[in-house]
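Down below is the structure, laid out as structure tokens.
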Amino acid sequence: SSAGKRVKLECDRRRQRTRINIGPAFEKWKMLRESLSMKTDLQLASFLLESLQPQTKRSEKTGNETVCVLKRTAAWN
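Count the sequence shown with the numbering used here and you get residues 6 to 82, in order.
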């Protein structure tokens, strides 16, 4: 039906706005997602974005900030 086609087109448009093309890195993406036992691309993307944000804390003795840097896992190689 015409209404059904319009609904499908609108859903496709919304989905298209959130897509990215990672080209040849897609195979590594799939392997990383599998190795981390994540079920969705959204889970992996959120995990990676959160892991890259600097984590800061203040030393109670000096008041200086310490930045924690995350190490790459073997799955990233």
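Ideal Cβ positions, reconstructed from N, Cα and C, are used throughout, including at glycine.
Problem set entry | Proximity of L49 and L57 at Cβ, strictly below 8 Å | Sequence index remark: in the sequence shown, residue 49 carries index 44 (1-based). Sequence index remark: in the sequence shown, residue 57 carries index 52 (1-based). Cβ distance not < 8 Å, so L49 and L57 don't count as in contact.
Exercise. Just the Cα atoms here: how many angstroms apart are W34 and T23?
Worked result: By one-based count along the sequence shown, residue 34 stands at place 29. By one-based count along the sequence shown, residue 23 stands at place 18. Taking the straight line from one Cα to the other gives about 17 Å.
Exercise. Can you give the Cα-Cα distance for S42 and S51, rounded to whole angstroms?
Worked result: Here the question's residue 42 lines up with position 37 in the sequence shown. Here the question's residue 51 lines up with position 46 in the sequence shown. So the two alpha carbons sit approximately 14 Å from each other.
Problem set entry | From D46, S40, V12, R11, residue whose alpha carbon lies closest to that of I27 | Reading the sequence shown from its first residue, position 22 is the one you call residue 27. It is D46 whose Cα lies nearest to the Cα of I27.
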